[in-house]
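Please read the structure below before turning to the comments.
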Amino acid sequence: GENVEQHPSTLSVQEGDSAVIKCTYSDSASNYFPWYKQELGKRPQLIIDIRSNVGEKKDQRIAVTLNKTAKHFSLHITETQPEDSAVYFCAAGLGGGATNKLIFGTGTLLAVQP
Amino acid sequence: GAVVSQHPSRVICKSGTSVKIECRSLDFQATTMFWYRQFPKQSLMLMATSNEGSKATYEQGVEKDKFLINHASLTLSTLTVTSAHPEDSSFYICSAGGRAYEQYFGPGTRLTVT
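Going down the list, the sequences are from chains A and B.
For the first sequence, the numbering used here begins at 1 and goes up steadily by one.
For the second sequence, the numbering used here begins at 115 and goes up steadily by one.
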């Protein structure tokens with residue numbers, strides 16, 4: 001089955017700096033790669049996603065890149081703000097079908113220092 | 115956006131009793147719902163995939179007889195933890211599948227077994 005690795009486990013940046021979180025996946029059939037932000041005690045919130053037919057996607061300060069050959073995908077947050085502090089999870093799955101199940105990475109605790 | 119509710123948000127039960135958790139998609143019909151378990155400071159672990167009108171598909175290592183899942187309608191899935199023990203204490207989160215790829219999460223249920 002799918003296995004997703006995520007690095008780093010913790011990341012501390014200064015406000016205004018960029019943050020990059022990287023994930024690798026094992027199943028070449030996976031075609032959907034979302035990123036979720038989870039604040040303490042709250043539900044994961046989808047912040048951006050990418051499908052395998054696209055190499056890069058951007059939404060304001062957030063971007064995701066995908067390298068299908070290497071089975072890597074990354075989250076880039078620019079101009080970080082204290083409210084970006086949270087745990088971020090990557091996931092990989094086979095979307096568009098009957099199951100759509102996602103396998104999550106281990107999470108990255110991002111701390112943005114003011 | 116898609117809204118998923120979960121009830122109860124917190125529950126404390128005695129060892130040996132059963133607890134039912136409800137997951138509802140409020141503004142869309144979800145053919146597929148998913149149940150996750152999350153330990154403190156850890157990732158989301160997929161427990162099972164619930165398809166409306168059919169038996170749930172459990173992930174390896176998840177006890178079917180202990181975690182009963184019912185998906186009776188396109189907007190409601192339930193997870194029943196039977197004969198709960200303290201090691202079942204955890205944060206249980208459901209998600210509902212969107213139109214094709216997305217998953218939207220409920221707010222989670224904090225279960226404490228005494």
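Even glycine gets a Cβ: it sits at the ideal position worked out from N, Cα and C.
Quick caveat: nothing in here was measured; it's all calculated off a predicted structure.
Worksheet item: Is there at least one Cβ from chain B nearer than 8 Å to residue 73 of chain A's Cβ?
Response: Position 73 of the first sequence holds residue 73 of chain A. At least 8 Å separates the CB of residue 73 of chain A from every CB of chain B.
Item to complete: Using a Cβ cut-off of 7 Å, pull out every chain B residue sitting near residue 107 of chain A, in sequence order please.
Response: On the first sequence, residue 107 of chain A is found 107 positions in, with the first residue counted as 1. Residues of chain B with a Cβ closer than 7 Å to the Cβ of residue 107 of chain A are, in chain order, 157.
Discussion item. Against residue 193 of chain B, what residues of chain A qualify as contacts under a CB-to-CB distance less than 7 Å, listed in chain order?
Written reply: Counting from one through the second sequence, the residue named residue 193 of chain B turns up at place 79. Result: empty, since nearest Cβ-Cβ is about 16 Å, beyond 7 Å.
Practice prompt. Would you decide whether residue 3 of chain A is buried or exposed? Buried here means 16 or more other CB atoms lie within 10 Å of its CB.
Written response: The residue you call residue 3 of chain A lines up with position 3 of the first sequence. It is exposed - the Cβ of residue 3 of chain A has fewer than 16 other Cβ atoms within 10 Å.
Item to complete: Compare the C-alpha of residue 56 of chain A against each of A:43, A:76, A:41 and name the closest.
Response: Indexing the first sequence from 1 puts residue 56 of chain A at position 56. For residue 56 of chain A, the nearest C-alpha among the options comes from A:76.
Discussion item. Just to confirm my understanding: we take residue 126 of chain B, look at its own chain, exclude 5 residues before and 5 after, and list those with CB closer than 6 Å. What are they?
Written reply: Working through the second sequence from its first residue, we reach residue 126 of chain B at position 12. Closer than 6 Å at Cβ, skipping near neighbours: 226.
Practice prompt. Can you tell me which of B:149, B:138, B:202 puts its alpha carbon nearest to the alpha carbon of residue 160 of chain B?
Written response: Taking the first residue of the second sequence as 1, we reach residue 160 of chain B at position 46. The option with the nearest alpha carbon to residue 160 of chain B is B:149.
Practice prompt. Spell out whether any CB of chain D is found under 8 Å from the CB atom of residue 143 of chain B.
Written response: In summary, chain D is missing from the structure at hand, where the protein chains are A and B.
Worksheet entry | Buried/exposed call for residue 154 of chain B, threshold 16 Cβ in 10 Å | On the second sequence, residue 154 of chain B is found 40 positions in, with the first residue counted as 1. Flag for residue 154 of chain B reads exposed.
Item to complete: Could you tell me the distance, in whole angstroms, from the CA atom of residue 144 of chain B to the CA atom of residue 187 of chain B?
Response: Numbered from its first residue, the second sequence carries residue 144 of chain B at position 30. Numbered from its first residue, the second sequence carries residue 187 of chain B at position 73. Straight-line spacing of the CA atoms in residue 144 of chain B and residue 187 of chain B works out to 9 Å.
Practice prompt. Could you check the C-alpha separation between residue 206 of chain B and residue 223 of chain B for me, to the nearest Å?
Written response: Taking the first residue of the second sequence as position 1, residue 206 of chain B is located at position 92. Taking the first residue of the second sequence as position 1, residue 223 of chain B is located at position 109. Using only the alpha carbons, I get a separation of about 5 Å.
Practice prompt. Give the secondary structure of residue 202 of chain B by DSSP, where H, G and I count as helix, E and B as strand, and everything else as coil.
Written response: The sequence position of residue 202 of chain B within the second sequence is 88, counting from 1. The answer is helix: DSSP assigns residue 202 of chain B an H, G or I state.
Discussion item. What would DSSP say about residue 34 of chain A, mapped onto helix, strand or coil?
Written reply: Working through the first sequence from its first residue, we reach residue 34 of chain A at position 34. Strand, per DSSP.
Practice prompt. Give, in chain order, every unbroken run of the beta strand (DSSP E) that is at least 3 residues long and sits entirely within the region 142-214 of chain B.
Written response: Unbroken beta strand (DSSP E) runs of no fewer than 3 residues, entirely contained in the region 142-214 of chain B, are found at 146-152, 158-165, 181-187, 190-195, 204-211, following chain order.
Discussion item. Using beta carbons (cut-off 8 Å, strictly below), is residue 211 of chain B in contact with chain A?
Written reply: Position 97 of the second sequence, counting from 1, holds the residue named residue 211 of chain B. Nearest CB-CB separation between residue 211 of chain B and chain A: below the 8 Å threshold.
Worksheet item: Around the C-beta of residue 59 of chain A, are 16 or more other C-beta atoms found within 10 angstroms, so that it is buried, or is it exposed?
Response: As a position in the first sequence, residue 59 of chain A is number 59, starting the count at 1. So residue 59 of chain A counts as exposed.
Fill in: Buried or exposed by the 16-neighbour rule on C-beta atoms within 10 Å, applied to residue 34 of chain A
Looking up residue 34 of chain A in the first sequence gives position 34. Buried, since its Cβ has 16 or more Cβ neighbours within 10 Å.
Worksheet item: Quick one: is residue 122 of chain B near chain A, going by C-beta distance under 8 Å?
Response: By one-based count along the second sequence, residue 122 of chain B stands at place 8. Chain A, which has no Cβ nearer than 8 Å to the Cβ of residue 122 of chain B, makes this no.
Practice prompt. If I'm right that residue 152 of chain B touches residue 137 of chain B with Cβ under 8 Å, what's the distance once you round it to whole angstroms?
Written response: In the second sequence, counting from the first residue as 1, residue 152 of chain B sits at position 38. In the second sequence, counting from the first residue as 1, residue 137 of chain B sits at position 23. Contact doesn't hold; Cβ gap of about 15 Å is too wide.
Discussion item. What does the Cβ neighbour count give for residue 192 of chain B, buried or exposed, with the cut at 16 atoms within 10 Å?
Written reply: Indexing the second sequence from 1 puts residue 192 of chain B at position 78. Its Cβ being crowded by 16 or more others within 10 Å, residue 192 of chain B is buried.
Discussion item. Tell me the residue span of the beta strand (DSSP E) that contains residue 59 of chain A.
Written reply: Locating residue 59 of chain A in the first sequence gives position 59, where the first residue counts as 1. Element bounds for residue 59 of chain A: 56-59.
Worksheet item: How long is the line joining the alpha carbons of residue 70 of chain A and residue 146 of chain B, rounded to whole angstroms?
Response: Locating residue 70 of chain A in the first sequence gives position 70, counting from the first residue. Locating residue 146 of chain B in the second sequence gives position 32, counting from the first residue. Roughly 30 Å separates the two Cα atoms.
Fill in: Contact set between the region 21-32 of chain A and chain B, restricted to residues whose Cβ is under 7 Å from the partner
Against chain B - using a Cβ distance shorter than 7 Å - the residues of the region 21-32 of chain A are 32.
Practice prompt. Give the interface partners of residue 215 of chain B over in chain A, defined as CB-CB distance under 9 Å, in chain order.
Written response: In the second sequence, counting from the first residue as 1, residue 215 of chain B sits at position 101. Contact note: residue 215 of chain B reaches chain A through 31, 32, 34, 49, 51, 93, 95, 96, 100, using a C-beta cutoff of 9 Å and chain order.
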